[in-house]
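Here the structure is laid out as structure tokens; the discussion comes afterwards.
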Amino acid sequence: MENAAVRCEGLGKQYGSTWALSDCTLEIPAGSITALVGPNGAGKTTLLHLVIGLMRPTKGSVAVLGQSPSAKAAELLPRLGFVAQDHPLYRNLTVTETLELGRRLNPGWDAAYARERVARLGLDGRRKVGKLSGGQQAQVALTLALAKRPQLLVLDEPVASLDPLARREFLNAVLEAVAEGDVTVILSSHIVSELERVCDHMVALIQSHTRLAGPIDEILASHRVLIGPRTGATGVARVHDVIRESHTERQTTLLVRANGHVYDTCWQQHEVDLEEVVLAYMGYAPGGAMPLPEPEAVA
Amino acid sequence: MIAFHLDNRSGVPAYMQLVHQVRQAIRLGTLRPGDQLPTVKEVVATLTINPNTVLHAYRQLDMEGLAEGRRGVGTFVAAMPDTPPPDGLDRLRSSLARWVASARDRGLDDEAMTGLFTEAVRASAGSREVA
Amino acid sequence: MTWLAWRLQRTETLVAAGILALTAALLVPTGISMSEAFHHDGLGSCLAPNPGLSCVQKIGAFQSHYQALNFVTNWFTLVPGVLGVLLAAPFILDLEHRTYRLVWTQSITRRRWVAVKLALAGFAAVGASAVLIALITWWRTPLTDIGGRLDTGTYDTTGTVAIGYALFALGLAAAIGAVWRRSAVSLTLAFVGYFAVRIVDDYWLRNQLASPLHATWRGGRLPDYLEKANILSQSITVNGRVVDRGSGTGGVLGAHAQLAAPGSDRNAVFHAVYQPASYFWTLQIRETLLFTAVGAACLVFAAVWTQRRVA
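Chains as they are written, first to last, in the working numbering: chain A, 1 to 299; chain B, 300 to 430; chain C, 431 to 741.
Listed below in structure tokens is the structure:
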């Protein structure tokens with residue numbers, strides 16, 4: 001689809017004297033499932049809160065479904081579904097009352113869908129939310145977001161505190177919703193590895209800046225690890241972006257974002273998985289980098 | 300009906316794995332023309348993968364003529380894949396056996412042989428893409 | 431969404447109802463017996479001017495009989511503060527537990543949510559105070575017939591000021607809670623603040639709300655019209671020279687009882703600065719308006735602060 005579900009330009013948010021988010025410019029395509037990754041404190045929650053309209057930007061702009069979320073909250077909110085970090089719910093309400101909350105606060109509420117989901121989850125409507133397990137609470141929170149039939153679903157670290165089974169079930173629920181209709185999903189996580197098969201786009205936030213953004217297929221196709229005899233990286237760096245380099249006595253390992261084909265045959269090329277790419281952008285160098293030798297002429 | 304399985308470690312893209320599994324199933328007779336492939340929702344529920352991946356795989360199968368999507372109903376197996384003539388396979392098999400024998404004579408072990416073979420397959424795939 | 435706001439306030443509303451029920455449980459039986467005793471002893475007719483000695487004795491006996499109970503119920507002046515602070519809890523808990531992240535991202539604006547929550551708490555506070563006032567006013571009838579309504583214990587819990595107090599306590603708690611966002615600390619601070627303000631109000635502010643009157647008299651007892659008044663200060667002059675002065679009721683007069691006895695120095699002149707009983711409603715209305723206005727301002731502050739600063 002041509003339209004961007006979310007568009008940020010130079011978006012920044014300042015708290016006191018720190019910038020939780022700086023100069024964030026990105027586009028999230030409609031219909032995609034986008035992973036928002038980055039270490040804790042990188043600004044993921046801040047970005048999501050700006051997208052959902054809980055916060056106002058200090059600088060720059062954010063447009064969600066073409067509108068400003070803080071200015072046009074009343075119009076946008078019915079089309080947005082949100083599950084905040086640790087899936088906040090009112091613990092003293094029962095499951096049924098929580099769904100009633102959704103019904104009363106949302107005009108476009110699909111009550112039948114909500115009831116059917118809860119039934120499928122095997123939850124007793126009369127139980128207080130505070131007495132449910134973490135996974136069940138997350139599912140209730142997700143039900144609240146999905147029964148709005150949103151166009152954009154925003155999930156802040158939805159599976160961080162869940163056991164593997166609950167995690168699977170939660171992601172399945174999200175994917176099922178995507179399979180059923182036109183929903184764009186943004187989900188943030190600091191665990192990259194399980195996002196590869198769920199998401200098709202990725203945005204990496206490192207130290208409050210966007211460092212990497214784009215379709216995951218393209219990211220995986222364009223990044224690779226080059227292993228070769230010990231040498232400087234400048235030769236490669238003329239054509240490609242060297243993200244990380246490390247050296248042993250006899251060997252140099254580079255992780256590059258290739259601009260085109262790597263023709264130099266002295267390098268062995270290996271594919272990388274998403275986690276390694278993100279780690280490289282985060283500045284992690286395995287074994288530590290040794291000082292560079294004098295750059296040798298590379299054929 | 301076929302049940303899909305994904306190998307996270309294989310390095311093969313998920314959609315390709317699905318395509319391979321369908322092809323294999325047709326070859327083995329597990330899937331016959333007219334059988335329905337699992338719906339996108341079912342695959343997503345089993346494997347927890349992006350629905351687009353499944354759609355991509357089914358589109359690929361459609362392009363290869365192995366399956367066809369019927370709007371509102373599902374995706375169905377269309378035909379048998381092109382199997383190479385039996386004697387073609389036998390010749391390939393014996394030339395492969397000769398190659399393995401000569402590789403062993405040169406002292407290559409299983410891993411080295413597999414490495415060479417994978418490299419050759421990849422190189423040929425690469426050159427096919429460029430072409 | 432009022433359903434939701436009520437539902438989330440349910441516990442606190444029930445606690446408030448419980449407090450009122452406990453109060454009623456104490457006041458209703460004792461009130462009935464006090465009222466019966468009042469009529470049985472024929473004290474109604476004793477309230478006419480210049481009652482005989484037997485009346486004075488009967489009234490004195492009645493008052494001392496119920497003195498302990500009277501003293502206890504004087505502390506009910508704190509109940510509006512408790513009610514107000516209690517009803518601010520749901521608002522603060524929403525901020526402390528950060529459940530606003532859920533409720534501000536449904537489809538209503540946060541302004542509406544905050545407004546409805548605070549308005550509902552306000553209604554509950556007003557309603558609960560009204561019930562409290564009704565109960566205590568009824569209970570106190572015999573005592574107010576005898577002693578008037580301007581003493582602090584009675585004044586605070588009859589009339590309309592208790593409504594103002596409750597709204598003030600609610601507003602104060604909501605304002606502190608909006609900034610601090612920790613319920614235990616905020617509620618405690620709010621109650622302490624309420625208590626401090628009330629002390630200042632009872633012993634100073636109230637006296638400023640209407641210009642007091644002056645009274646002078648010679649010898650004898652306290653004039654009738656001063657029986658039910660709020661005496662702010664007194665003094666005694668002899669031949670124009672101030673002999674003693676004091677504040678409030680008991681003080682000076684008691685110490686110089688012999689000056690007041692018949693046959694004593696007729697040059698002793700007693701002075702009092704006082705608010706007459708007829709000031710009751712003027713004071714009540716002014717004080718209610720003052721506290722309500724401050725309470726409302728605090729609620730507005732809480733609403734605006736929450737809307738602007740919380741993310």
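Glycine is no exception: its CB is placed at the ideal position from the N, C-alpha and C atoms.
In terms of Cβ geometry, C:T453 and C:I593 do not form a close pair [threshold 9 Å]. Counting along the chain, A:E194 sits inside no alpha helix (DSSP H), nor does DSSP assign it H or E at all. An exposed status is given to A:Y15, since fewer than 16 other beta-carbon atoms sit within 10 Å of its beta-carbon. Neighbourhood of B:T347 in chain A, by CB distance below 8 Å: R168, L171, N172, L175, R197, V198, in chain order.
In the three-state scheme derived from DSSP, where H, G and I count as helix and E and B as strand, A:E249 is classed as coil. With a minimum length of 3 residues, there is no unbroken run of beta strand (DSSP E) contained wholly in the segment 389-427 of chain B. Rounded to the nearest angstrom, the gap between the Cα atoms of A:T58 and C:A640 is 51 Å.
For A:F170, there is no enclosing beta strand (DSSP E); the residue is found in the alpha helix (DSSP H) stretching over 164-180. Contacts between A:V277 and chain B, judged by CB atoms closer than 7 Å, are missing: the closest CB pair is about 15 Å apart.
Considered as a whole, the segment 39-94 of chain A harbours 44-52, 73-76 as its complete alpha helix (DSSP H) runs of no fewer than 4 residues, in chain order. Taking CB atoms only, A:E271 has a neighbour in chain B less than 9 Å away. A:V178 belongs to the set of residues whose beta carbon lies under 9 Å from a beta carbon in chain B.
Distance check between A:S189 and each of A:E218, A:Q137, A:A4, A:L47 places A:L47 closest, using alpha-carbon atoms only.
Of the candidates C:V622, C:A603, C:L525, C:A603 places its Cα closest to the Cα of C:V724. A direct Cα-to-Cα measurement between B:L365 and B:T352 gives close to 17 Å. Setting aside the 5 residues that flank it on each side, A:R149 is surrounded in the same chain by G108, D110, Y113, G181, each with a C-beta closer than 8 Å to its C-beta; the list follows chain order.
Beyond the five residues adjoining it in sequence on each side, A:T98 comes within less than 8 Å, by CB distance, of L89, Y90, V129, V140, L144 in the same chain, given in chain order. Taking a Cβ-Cβ cut-off of 7 Å, the neighbours of A:Y90 in chain C comprise L438, T529, given in sequence order.
In the DSSP assignment, A:Y15 forms a beta bridge with A:T18. Straight-line measurement puts the Cα of C:R541 at about 27 Å from the Cα of C:V512. Closest in C-alpha terms to C:F625, from the list C:I661, C:E657, C:N660, C:D586, comes C:D586. Interface flag for A:I28 against chain B is unset, since no Cβ pair is found closer than 9 Å. Within chain A, the residues L77, P78, L105, N106, P107 have their CB atoms less than 7 Å from the CB of C:S537, given in chain order. With a threshold of 16 other beta carbon atoms within 10 Å, C:I629 falls short and is exposed. Closer than 9 Å at the C-beta level to chain B, one finds these residues of the segment 14-46 of chain A: G31, S32, I33. Residues of chain C with a Cβ closer than 8 Å to the Cβ of A:L155 do not exist; the shortest Cβ-Cβ separation is about 12 Å. Burial is judged here by how many other beta carbons sit within 10 angstroms of a residue's own beta carbon; C:R579 has at least 16 and is buried. Note on A:R224: 16 or more other CB atoms within 10 angstroms of its CB, so buried under the neighbour-count rule.
According to the DSSP assignment, A:L152 belongs to the beta strand (DSSP E) that extends over 152-156. C:I666 sits in a strand when the DSSP states are folded into three classes. Pairwise C-beta distances place the segment 209-226 of chain A in contact with the segment 247-255 of chain A, as three or more of them are shorter than 8 Å. Taken through DSSP and simplified to helix, strand or coil, A:I28 comes out as strand. Under the three-state reduction of DSSP, A:D124 is assigned to coil, being neither helix nor strand. For a Cβ distance threshold of 7 Å, residue set R437 of chain C lies close to A:E97, ordered along the chain.
Flagged as an interface residue toward chain A: B:P312, by a C-beta distance shorter than 9 Å. With the criterion set as a beta carbon lying under 8 Å from some beta carbon of chain A, the segment 547-569 of chain C has no members that meet it.
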